[in-house]
Amino acid sequence: MRPERLIYLPLGGAGEIGMNLYIYGWGRADAERLIVADIGVAFPDMDSSPGVDLIFADAEWLIARRNRLEAIFLTHAHEDHVGALGYLWEALRAPVYARAFTGRIATLKMEERGQDPAHVNIVGPFPEQVAAGPFKVGFLPVSHSIPEASALVIDTPKGRLIHTGDFKLDPDPGLSEAHDPEAWAEAARPGIHALICDSTNVFSPHPGRSESSLPDNLHRFVADASGMVVATTFASNIARVRALAEAGIAAGRSVALLGRAMQKMVRVAEETGVIDAFPPLITAEDAGDLPRGQVMLIVTGSQGETRAASAQLARGRFPGAGTEGGRQLSVFVKDDPRQRARGAADRQCPVGKGRHGGRWRGWRLSRVGPCQPSRSARGPPDDRCPHGDPDAWRASPSARPS
Ligand SMILES: [Zn+2]
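Residue numbers for the sequence shown follow numbering that gives the first Met the number 0, beginning at 0 and rising by one.
Following this line, the structure appears as C-alpha cells:
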C-alpha cells in the first residue's frame, strides 16, 4: 500500500506576483485530503494583457479534485489573496475560514458573484484552530498593511507548517496586532516541519520602519499645506487612511474619502470592530462647497490606476470635487515589483477644469517597511519563500546551495 504523504502545490503566487493559491494535502498519493490557502487575483498590464480585467490561477487541477477539498483559508483581505474567491467558489464549494475583517471582505466577494455568504466562517486568532480533514489550522496574527492579517499554523500528521502570507515585523502598526515574537515562539514550540514564507523585499538589508513613524510627519505636512490637500494610499491600509484623516482634522480641515474601495474598507473596519470610530467625514459634494484651504481629500488610485478617484479627480470628473485647470496631480510610485508587474509606476494625470482655485502639492508615501523572513537560529528543516518574483524565490535559504 502506498504510504501517506504531505504535499504542497502552489497553483499561483509562487515565483510570480499576485494570484496566490496554495494547496496542502495529506494522504495516500492521488487520494490526499486537501486544503487551500488564499485564492487571489493578479492584475494585468497593458503591455502583456490589454483588455484583461483580472487574472487568477488556473484551478483546473483543484476543481477536478474538489470532492477531496476540505476548506479554504484566507490569510488576509488583499485582492491578490481573496480576489478570486467569488469567481472560483462555485466550482470548489468548500467552507471558507477567515478572521472577521477578512471574512467580511470575503462575504462581499461572495455576494458580488451571487454566492451564499453563509459559507464564510469567522475564526478567532491562534491558538483557536479549525479542524479540516487531517489538518488543524489556526490564524496567527501578523502585522501587515491591512487589518487582521494572519499566518496560517497548519498542523498535519507530519508536523506543523507555518504559511506566513504577507507580513511585516512592525512592533506598532497602528491598527490590529503588532508583531509578537512571543506568539511566534509559542506557535513554534512543538517544532516546525516547514516554513512557507513571504519573500517580498527579501533583498532589502534595511529593517522596515514602523507604521507608527508616519503620523507626526503627516500632521506636519498637512499643517504646513496651503490650498486643498489631496492624499492617496492603498484603500485597504486602514491605519494609514485613518492617520491621514486625523492629520487633516488636526489641521482644521474637513476630510472626504473619494473612491468606493476606500469607503468600503473603512465601513468594514468599523463593522468588524477593527476601529472604534473613524474621524468625521464630509461628502465630496460638501467638500466642493468649502474653501479649498479647508479641505483634505483622501483618494483611491495610489498606483495611478486610470479609473480610480485620483485619476478622475485629475481629469476634473469626480462628482462634487472640482479641480483647477493648469495644475498637475502627480502620483509617485515606489519601484515595487508588484506595481512594475502592473505597469503602473510614475503616472501623471493632467488636471482638468474645476471650480476652485488653489495649489496642488504632492508628496510621496513610499511603502513602509520591507518584509524580511523571521528565522530562528536553528530554523525549520524546510523553508520555502514562494511569493514574489523568481529572483526572490531563488533567494530562499532552501534554494541556496549549503
Ligand atoms: Zn498583502
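Each residue gets a CB set at the ideal place from its N, CA and C atoms; glycine is no exception.
On a predicted model such as this, the values are computed, not experimentally measured, just so you know.
Spatial neighbours of residue 307 in its chain, beta-carbon cut-off 7 Å, leaving aside the 5 residues before and after
258, 299 and 300, listed in sequence order.
So if I measure from each beta-carbon to every heavy atom of ligand 1 and keep distances below 5 Å, which residues remain?
Cβ atoms closer than 5 Å to ligand 1 belong to 77 and 165.
Could you tell me if residue 31 is buried or exposed, where buried requires 16 or more neighbouring beta carbons within 10 angstroms of its beta carbon?
Under this definition residue 31 is a buried residue.
Which residue from 83, 107, 168 and 71 puts its Cα closest to that of residue 57?
Out of 83, 107, 168 and 71, the CA that lies nearest to the CA of residue 57 is found in 83.
Just the C-alpha distance for residue 138 and residue 294, rounded to the nearest angstrom, thanks.
Going by the C-alpha atoms only, they are around 40 Å apart.
C-beta atoms of residue 72 and residue 136 nearer than 8 Å:
Yes, these two residues count as a Cβ contact at 8 Å.
Have a look at residue 68 and residue 34 and give me their C-alpha separation to the nearest angstrom.
Their Cα atoms are separated by approximately 6 Å.
I'd like to know whether the C-beta atoms of residue 229 and residue 312 end up nearer to each other than 8 Å.
A contact, by the Cβ cut-off of 8 Å.
Could you check the C-alpha separation between residue 218 and residue 90 for me, to the nearest Å?
Residue 218 and residue 90: Cα-Cα distance of roughly 48 Å.
Three-state secondary structure (DSSP) at residue 100?
Three-state DSSP puts residue 100 in a helix.
Option nearest residue 29 by Cα separation, candidates 36, 305 and 2
Closest in alpha carbon position to residue 29, among 36, 305 and 2, is 2.
Can you tell which of 246, 170 and 203 has the C-alpha that lies nearest to the C-alpha of residue 209?
From the listed residues 246, 170 and 203, the smallest Cα separation to residue 209 is found for 170.
Rounded straight-line distance, which links the Cα of residue 315 to that of residue 19:
Roughly 36 Å separates the two Cα atoms.
Indicate the three-state DSSP secondary structure (helix, strand or coil) for residue 157 in the structure shown.
Correct three-state label for residue 157: coil.
DSSP-derived helix/strand/coil call for residue 294
DSSP places residue 294 in strand when its eight states are reduced to three.
Could you tell me which residues DSSP puts in a beta bridge with residue 138?
Residue pairing of residue 138 in beta bridges, as defined by DSSP: 124 and 151.
With a Cβ-Cβ cutoff of 8 Å, do residue 112 and residue 85 count as a contact?
Yes; because the gap between Cβ atoms is below 8 Å, this pair is in contact.
What are the start and end residues of each continuous alpha helix (DSSP H) run of 4 or more residues lying completely inside the stretch 179-262, in chain order?
Annotation: the stretch 179-262 contains the following complete segments of the alpha helix (DSSP H) (minimum length 4 residues), in chain order: 180-187, 214-223 and 237-249.
Report yes if the C-beta distance between residue 38 and residue 87 is below 8 Å; otherwise report no.
Against a cut-off of 8 Å, the Cβ pair of residue 87 and residue 38 comes out as a contact.
Secondary structure of residue 267, DSSP reduced to three states:
Residue 267 falls in the helix class under three-state DSSP.
Does the Cβ of residue 228 lie closer than 7 Å to at least one heavy atom of ligand 3?
Ligand 3 is absent from the structure shown, which contains only ligand 1.
Backbone secondary structure at residue 116 - three-state DSSP:
Residue state, collapsed to three classes: helix.
Within 8 Å, strictly: CB atoms of residue 173 and residue 211
Using a Cβ distance threshold of 8 Å, residue 173 and residue 211 count as a contacting pair.
Round the Cβ separation of residue 100 and residue 176 to the nearest angstrom and send it over; I've been treating them as touching at under 8 Å.
About 12 Å; that fails the 8 Å criterion.
How many whole angstroms separate the CB atoms of residue 241 and residue 232, which I take to be in contact at a CB cut-off of 8 Å?
With a contact defined as Cβ atoms closer than 8 Å, residue 241 and residue 232 miss out at about 11 Å.
Roughly how many angstroms lie between the CA atoms of residue 114 and residue 102, to the nearest whole one?
Cα to Cα, the separation comes out at about 14 Å.
Can you name, in chain order, every residue of its own chain whose Cβ lies under 6 Å from the Cβ of residue 24, other than the five neighbours on each side?
Its chain contains 6, 31 and 33 as the residues whose beta carbon lies nearer than 6 Å to that of residue 24, once the 5 sequence neighbours on both sides are disregarded; these appear in chain order.
Measuring CA to CA, which of 265, 93, 268 and 54 is closest to residue 40?
Comparing Cα-Cα distances from residue 40 to each of 265, 93, 268 and 54, the minimum goes to 54.
Please classify residue 42 as buried or exposed, where buried requires at least 16 other C-beta atoms within 10 Å of its C-beta.
Residue 42 comes out buried.
Report the rounded CA-to-CA distance for residue 250 versus residue 215, giving the unit in angstroms.
Here the alpha carbons of residue 215 and residue 250 stand approximately 12 Å from one another.
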